[in-house]
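Counting with this note's numbering, you get residues 216 to 283 for the letters of the sequence shown.
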Amino acid sequence: MYVCVCHAVTDRQISASVAMGASTLADLRDELGVGTCCGKCAREVRQQLRDELGQCRGCGKCANAKHC
């Protein structure tokens, strides 16, 4: 699904960026351009970022790494 229409960014692209280490809205802005044009996508991007970061992937980078 398109999350950012201005830059044609999908939820899958956001998921992939988070999986590769993006952990803030600023990271996603820099990498994908989300939230830099009209700004209507920012709320959805923030929510997806929260959801994505809440799912431990066993990468060893987060505070929950000892539980992975």
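Every residue gets a Cβ at the ideal spot worked out from N, C-alpha and C, and that includes glycine.
Its chain contains M216, Y217, V218 as the residues whose beta carbon lies nearer than 7 Å to that of T225, once the 5 sequence neighbours on both sides are disregarded; these appear in chain order.
One thing to note: A234 has its Cβ no nearer than 9 Å to the Cβ of E246. If you look at V233, you'll find it in the alpha helix (DSSP H) that goes 226-234. Spanning the alpha carbons of T239 and S232 requires a straight line of approximately 10 Å.
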